[in-house]
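First comes the structure, then the notes that go with it.
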Amino acid sequence: MTTKMFKKILIANRGEIACRVMKTAKKMGIKTVAVYSEADKEARHVQLADEAVCIGPAPSRESYLVIDRIIQACKDTGAEAVHPGYGFLSENEQFAKRCEEEGIVFIGPKHQSIAAMGDKIASKKLALEAKVNTIPGYNEAIDTTEEAVKIAQGIGYPVMIKASAGGGGKGLRVAFNDKEAAEGFAACKTEAMNSFGDDRIFIEKFVEGPRHIEIQVLGDSQGNVVYLNERDCSIQRRHQKVIEEAPSPFIDPATRKAMGEQAVALAKAVNYQSAGTVEFVVGKDKSFYFLEMNTRLQVEHPVTESITGLDLVEQMIRVAAGEKLAFKQEDVKLDGWSMECRINADDPFRNFLPSTGRLVKYRPPESVDGVRVDTGVYEGGEIPMYYDSMIAKLIVHGKDRTEAIEKMRNALNDFVIRGIHSNIPFQAALLQHPRFVNGDFTTGFIAEEYPDGFKKDSVQPADPKRLAALAAFMRYRYLEHIKMIDGQLAGHEMVIAKKFVVVTGKKTGSMTDPYEVPIRVELKDGIYSVYIDEADGVSRYDIVSDWRPGQICLHATINGTHKVTAQVDRKGVKFYLVLDGAHFECMVLSPLGAELQRRMPVKLPPDTSKLVMSPMPGLLTKIAVKAGDAVTAGQKLASIEAMKMENTLSAMQDGVVAEVCAKEGDSLAVDQLIIRFE
Numbered sequence: 001m002t003t004k005m006f007k008k009i010l011i012a013n014r015g016e017i018a019c020r021v022m023k024t025a026k027k028m029g030i031k032t033v034a035v036y037s038e039a040d041k042e043a044r045h046v047q048l049a050d051e052a053v054c055i056g057p058a059p060s061r062e063s064y065l066v067i068d069r070i071i072q073a074c075k076d077t078g079a080e081a082v083h084p085g086y087g088f089l090s091e092n093e094q095f096a097k098r099c100e101e102e103g104i105v106f107i108g109p110k111h112q113s114i115a116a117m118g119d120k121i122a123s124k125k126l127a128l129e130a131k132v133n134t135i136p137g138y139n140e141a142i143d144t145t146e147e148a149v150k151i152a153q154g155i156g157y158p159v160m161i162k163a164s165a166g167g168g169g170k171g172l173r174v175a176f177n178d179k180e181a182a183e184g185f186a187a188c189k190t191e192a193m194n195s196f197g198d199d200r201i202f203i204e205k206f207v208e209g210p211r212h213i214e215i216q217v218l219g220d221s222q223g224n225v226v227y228l229n230e231r232d233c234s235i236q237r238r239h240q241k242v243i244e245e246a247p248s249p250f251i252d253p254a255t256r257k258a259m260g261e262q263a264v265a266l267a268k269a270v271n272y273q274s275a276g277t278v279e280f281v282v283g284k285d286k287s288f289y290f291l292e293m294n295t296r297l298q299v300e301h302p303v304t305e306s307i308t309g310l311d312l313v314e315q316m317i318r319v320a321a322g323e324k325l326a327f328k329q330e331d332v333k334l335d336g337w338s339m340e341c342r343i344n345a346d347d348p349f350r351n352f353l354p355s356t357g358r359l360v361k362y363r364p365p366e367s368v369d370g371v372r373v374d375t376g377v378y379e380g381g382e383i384p385m386y387y388d389s390m391i392a393k394l395i396v397h398g399k400d401r402t403e404a405i406e407k408m409r410n411a412l413n414d415f416v417i418r419g420i421h422s423n424i425p426f427q428a429a430l431l432q433h434p435r436f437v438n439g440d441f442t443t444g445f446i447a448e449e450y451p452d453g454f455k456k457d458s459v460q461p462a463d464p465k466r467l468a469a470l471a472a473f474m475r476y477r478y479l480e481h482i483k484m485i486d487g488q489l490a491g492h493e494m495v496i497a498k499k500f501v502v503v504t505g506k507k508t509g510s511m512t513d514p515y516e517v518p519i520r521v522e523l524k525d526g527i528y529s530v531y532i533d534e535a536d537g538v539s540r541y542d543i544v545s546d547w548r549p550g551q552i553c554l555h556a557t558i559n560g561t562h563k564v565t566a567q568v569d570r571k572g573v574k575f576y577l578v579l580d581g582a583h584f585e586c587m588v589l590s591p592l593g594a595e596l597q598r599r600m601p602v603k604l605p606p607d608t609s610k611l612v613m614s615p616m617p618g619l620l621t622k623i624a625v626k627a628g629d630a631v632t633a634g635q636k637l638a639s640i641e642a643m644k645m646e647n648t649l650s651a652m653q654d655g656v657v658a659e660v661c662a663k664e665g666d667s668l669a670v671d672q673l674i675i676r677f678e
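Written out as C-alpha cells, the structure reads:
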C-alpha cells in the first residue's frame, strides 16, 4: 500500500459532485481529469478540470457507465487514481476491481466490500449473519411479475419494491395492492436496467411512519473505523431525499452512540476502507433497523462536513493513498446544526416533472456566513434530459436548528434560477411548515401534507398585505423610472399619482375570484410609506429599498426592522412576487384602470380534454395504443423517459383514439401532442 499522495486523479462523474471533488483536489495540490459525454462538452466540471476526455454519446449507458472508456481515459492522461463520486459506477464492484487490476487506485472501498455491502440483497444476508436486526422481506432476486405479486402477498402489503443496484430513488416503488406490485415491479426493472445496468429486484416490508436516519462512517486501511454522527433524511418525496440535516432533531445521545457503534461494527465486518453510509429506519420508540449500506460518498455529505469540520473528499483521498486516520472517535465534533436542500430542475407545480433547457439566469446566494453552494452548472449553460435533475445543493450551518432554518429560508429567497423550473418554491414551503419547524415529521411527511400535489396556493403568505404593499412599491418605482426620461414637455411633466388599486385573487398564488385592495403611496426621506385601506382598518408599511426596475431580487427593510428578500417579475400589467415559498400574482392599476378592468370579458382557456400532450421534455419510449382503440380511464397510453425516470401517461377518461401524433423514439417538447381522442 502506497503512502505517497497522488499527483493526478480522474473524476468518473459529472455535474455537482465532479466539481466538488475537483475543489478539494485543487486544495490538496492534485491535478484533475474530467470525463464527459457529448452532451456535457460545455459543462462546468469540464471547464474546471486540468484535462478533459470525451468518453461517448449522451446516454449514460454509452458514456459514464462504460468501464473500458473510463479506464482508457486514466491510462491516456496518466491519472493514478479515480474518484467515482456518487451514482454511475460509484458502487460497481466490477469497476473497482478493474481499477485495482489495472494499477489504478479506486478512491473508495475495496471491491470485496462493495460486493458485500453495495449489493442490497447481499448486504441484508450479511447483516442477518451478523445478527443485525433487519426489516422482514424476500432477499433473493425476483424474476417474474407473477412471482413478485405472490411474494408481496406473502409479506403483506404495503411492500417496498427495490432494485438491488438501486440508489437515489431510482428503481424503487411502494405497493399497496397486487396491481401496484405488478406495475411497480415492471417499472423498477426498467429503471434499474437503464440507470445501473442491473435489473435484479427484491421486496421487503414497508414500515409506515418511519424516520430515515443514516450514520456516516470512515475507515482506513489499518483497520480503524469511526462514525461521524448521524444525518436525518426523512424529508423525502417518492423516496428521493429533499432536505437533509445533521444532527437529527429526533435522536438522543444514547441512540446516536448505539447506532454509530452498530454501523462501525458492520463496516469492520467487511474491512471497510473509505467513506460510507449505513442507513437505518428508526421507529417512534427509537428502535432502529438496518436498511442498507451505501459504499460511496453520499449526496448529503456536506451537512456532516459542516458539523464535524472534516472534508470527507479529502479523507477519502488520504485513505486511498494509504494514510491512517488522523483522529479517533473521541475527537469527532458535533458543532451546531446543518441543513441541505437539493435544488432540482423540476417543476413542483406540475407534479415535479423534469424541466430541461437553458439557464437564462443563474445566481446562487453568496457563500458567506454559514451558507455554501455546491453546483455543477452556470448561467447560460444547458440542463440536459439525460441525467439526474440535481443542479445544486444549498447548505447552511448555524449554531442551532432555529438559526439553520432561518439561514436556509433567506438563502432560498435569494437563489435565482430562470429559464427552467426548479423546486425552490417547494423547498421554501417546507421550511415554513410548522411540522418541519417543530421537527415532527417522518418519511411520509410530504405525502401526508400535500396529498393532492403542490400548487401555487399550497402556501399562503403570513401577511398577504405585505406582498400587496411590495407590489405597489414596485409599481411606484417603475413610474419614477419613467419620470426620469428626457424630453418631457415643459409644464406637462409626468406626475406620479399616490392612489393605486392592487387586483389579486382571493387565493394567493392565482388571479381566480379577483378582489381589489385600495392603496396609497407616499414618499418622504427615502421611505416609501404604503397605506392599505380596508374594512378592518388601515395597515402601514414603511419600505426602504434600493431596488430598481429589472432587478430579479427585491431586498427591503419594512417598518424599520423586518428584512425581506422577494423574487419579483413583471409581465405586462401583472406583477409576480415569491416570498418564503408563497406566490403572489396581481395587477397594480390606477383607480380608473381598475374600473376598466372590471368591465373586461373573461378569456376562457382552450379545451384540451381530448388531447394527450407531453407534460415534460423527454424521450417517448412507448406508445401503448393505436388509432381506433377504445380505452378506459386509468389505462396506460404512453411512457416518457426523462432524467433517468420513466413516467407513465394514463387515460383521464374513457374514449376512442382518433390519432397517434408521435412515434416511439421521438424527443418531445413540453405540451407536444402525442394522442388525440375522438
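Going left to right, the sequence shown walks through residues 1 to 678 as UniProt numbering numbers them. Beta carbons: idealized from backbone N, C-alpha and C, even for Gly.
{"Asked": "Around the Cβ of Thr561, are there at least 16 other Cβ atoms within 10 angstroms (buried) or fewer (exposed)?", "Found": "exposed"}
{"Asked": "Is it buried or exposed for Glu595, if we count other Cβ within 10 angstroms and need 16 for buried?", "Found": "exposed"}
{"Asked": "Find out if the Cβ-Cβ distance for the pair Gln240, Ile343 is shorter than 9 angstroms.", "Found": "no"}
{"Asked": "Tell me whether Gly581 is buried or exposed, calling it buried when 16 or more other Cβ atoms sit within 10 Å of its Cβ.", "Found": "buried"}
{"Asked": "Could you please give me the residues that DSSP links to Gln216 through a beta bridge?", "Found": "Thr277"}
{"Asked": "Just the Cα atoms here: how many angstroms apart are Tyr450 and Arg237?", "Found": "10 angstroms"}
{"Asked": "Opposite Pro59 in the DSSP bridges: which residues?", "Found": "DSSP, once it has assigned bridges, lists no residue as partnering Pro59."}
{"Asked": "In three-state DSSP terms, what is Val437?", "Found": "helix"}
{"Asked": "Would you list the residues sitting across from Trp337 in a DSSP beta bridge?", "Found": "Gly398"}
{"Asked": "Are the beta-carbon atoms of residue 680 and Leu334 separated by less than 9 angstroms?", "Found": "The structure shown has nothing for residue 680, since the chain only spans 1 to 678."}
{"Asked": "Roughly how many angstroms lie between the CA atoms of Ile114 and Ala130, to the nearest whole one?", "Found": "17 angstroms"}
{"Asked": "Measure the Cβ-Cβ separation of Ala152 and Asp178 and say whether it is below 9 angstroms.", "Found": "yes"}
{"Asked": "Going by C-alpha to C-alpha distance, which of Asp199, Tyr515, Ala429, Arg466 sits closest to Ala556?", "Found": "Arg466"}
{"Asked": "Considering only the alpha carbon of each residue, which of Glu406, Glu403, Leu412 lies closest to Ala392?", "Found": "Leu412"}
{"Asked": "Decide if Val602 is buried, meaning its Cβ has at least 16 other Cβ atoms within 10 Å, or exposed.", "Found": "exposed"}
{"Asked": "From Glu448, Ile70, Ile251, pick the residue whose C-alpha is nearest to that of Tyr36; which is it?", "Found": "Ile70"}
{"Asked": "Once you ignore the five residues that flank Leu479 on each side, which residues in its own chain have a CB closer than 6 angstroms to its CB?", "Found": "Ile496"}
{"Asked": "What residues are listed by DSSP as bridge partners for Ala642?", "Found": "Met645"}
{"Asked": "Alpha carbon to alpha carbon, what distance is there between Asn647 and Gly572?", "Found": "35 angstroms"}
{"Asked": "What is the DSSP secondary structure of Cys661, counted as helix, strand or coil?", "Found": "coil"}
{"Asked": "Can you have a look at Thr512 and say buried or exposed, based on whether 16 or more other CB atoms are within 10 angstroms of its CB?", "Found": "exposed"}
{"Asked": "Would you mind reading off the limits of the alpha helix (DSSP H) that contains Asp68?", "Found": "67 to 77"}
{"Asked": "Taking only the alpha-carbon atoms, compute the straight-line gap between Ala163 and Gln94 and give it to the nearest angstrom.", "Found": "18 angstroms"}
{"Asked": "Below 8 angstroms on the Cβ atoms is my contact criterion, and I expect His111 with Glu100 to pass it. Report the Cβ-Cβ distance as a whole number of Å.", "Found": "6 angstroms"}
{"Asked": "Name the residue from Lys8, Cys19, Ala39 whose alpha carbon lies nearest to the alpha carbon of Gly29.", "Found": "Lys8"}
{"Asked": "Which stretch, first to last residue, makes up the alpha helix (DSSP H) that contains Lys27?", "Found": "15 to 27"}
{"Asked": "Return the CA-CA distance between Glu62 and Ala187, expressed in angstroms with no decimal places.", "Found": "21 angstroms"}
{"Asked": "Locate the alpha helix (DSSP H) running through Pro425, then write down its first and last residues.", "Found": "424 to 432"}
{"Asked": "Between which two residues does the alpha helix (DSSP H) holding Met259 run?", "Found": "253 to 269"}
{"Asked": "Just curious, the beta strand (DSSP E) that Gly87 is in, first and last residue?", "Found": "Looking at the DSSP string, Gly87 is not in any beta strand (DSSP E), and its letter there is neither H nor E."}
{"Asked": "Using 9 angstroms as the threshold, is the C-beta distance between Pro518 and Val530 below it?", "Found": "no"}
{"Asked": "Met1 to Phe106, Cα distance in whole Å?", "Found": "Since pLDDT at Met1 reaches only 47, below the 50 mark, its modelled position is unreliable, and no value is offered."}
{"Asked": "Less than 9 angstroms separating the beta-carbons of Leu297 and Gly108?", "Found": "yes"}
{"Asked": "May I ask which residues mark the beginning and end of the beta strand (DSSP E) holding Ser539?", "Found": "537 to 544"}
{"Asked": "Could you compute how far the alpha carbon of Ile623 sits from the alpha carbon of Gly276?", "Found": "41 angstroms"}
{"Asked": "Roughly how many angstroms lie between the CA atoms of His583 and Thr144, to the nearest whole one?", "Found": "47 angstroms"}
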